[in-house]
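Asker: If you scroll down you'll find the structure; I have some questions about it.
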Amino acid sequence: MTRSLQLSALLACTLLAACSSSPDKPAAASKGDGRCNAEAVQHLVDKRITTEMAEEARAEAGAEHLRVTQPNQPVTMDYNPQRLNIDIDEDDTIIRLNCG
187 MTRSLQLSAL LACTLLAACS SSPDKPAAAS KGDGRCNAEA VQHLVDKRIT
237 TEMAEEARAE AGAEHLRVTQ PNQPVTMDYN PQRLNIDIDE DDTIIRLNCG
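In our numbering, the protein residues as written are 187 to 286.
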């Protein structure tokens, strides 16, 4: 239950951060143009997710945004090339990583 609560809090923070205003000058991207590269994090499939791992995966994929989704959780259908999506199962195991 605690892990689900942590992941829900991480998701809420990510969604709230997406709603914040942008800074006056853009921050320098660490890799490229901020577009997500899910191939770089496919080694995480079948591992149990943690809050730290999710953030590290976002950075490793070069994504600006992160979305962690649990089974049967409703999500928006908008496509964002700068977002890493992490799908997990009931046991908090990563089953899919993709961008969009």
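Beta carbons: idealized from backbone N, C-alpha and C, even for Gly.
1. Determine, using beta carbons only, whether residue 174 and residue 245 come nearer to each other than 7 Å.
2. How big is the Cα-Cα spacing for residue 211 and residue 220?
3. Residue 253 lies in the alpha helix (DSSP H); which residues open and close that run?
4. Looking at the unbroken beta strand (DSSP E) that takes in residue 234, where does it start and where does it end?
5. Quick one: residues in its chain with C-beta nearer than 6 Å to the C-beta of residue 282, no 5 flanking neighbours on either side, listed in chain order?
6. Please report the straight-line C-alpha distance between residue 266 and residue 242, rounded to a whole angstrom.
7. Run through DSSP, which three-state label would residue 221 get?
8. Excluding the five sequence neighbours on either side, which residues of its own chain have a C-beta within less than 6 Å of the C-beta of residue 235, listed in chain order?
Answerer: Per the coordinate set shown:
1. Given that the chain is displayed from residue 187 to residue 286, the structure contains no residue 174 and the question cannot be resolved.
2. Taking the sequence shown and counting its residues from 1, one reaches residue 211 at position 25. Taking the sequence shown and counting its residues from 1, one reaches residue 220 at position 34. Confidence at residue 211 is low in this model, with a pLDDT of 42, below 50, so its placement is unreliable and no value can be given for it.
3. Reading the sequence shown from its first residue, position 67 is the one you call residue 253. Run containing residue 253: none in the alpha helix (DSSP H); it sits in the beta strand (DSSP E), 251-255.
4. By 1-based counting over the sequence shown, the position of residue 234 is 48. Run containing residue 234: none; DSSP gives neither H nor E here.
5. For the purposes of this step, residue 282 is identified with residue 96 of the sequence shown, where counting begins at 1. Contacts found: 273.
6. One-based indexing of the sequence shown puts residue 266 at position 80. One-based indexing of the sequence shown puts residue 242 at position 56. So the two alpha carbons sit approximately 19 Å from each other.
7. Walking along the sequence shown from the start, residue 221 turns up at place 35. DSSP places residue 221 in coil when its eight states are reduced to three.
8. Against the sequence shown, residue 235 aligns to sequence position 49. Within the same chain, residue 235 has close Cβ partners 274, 278, 280.
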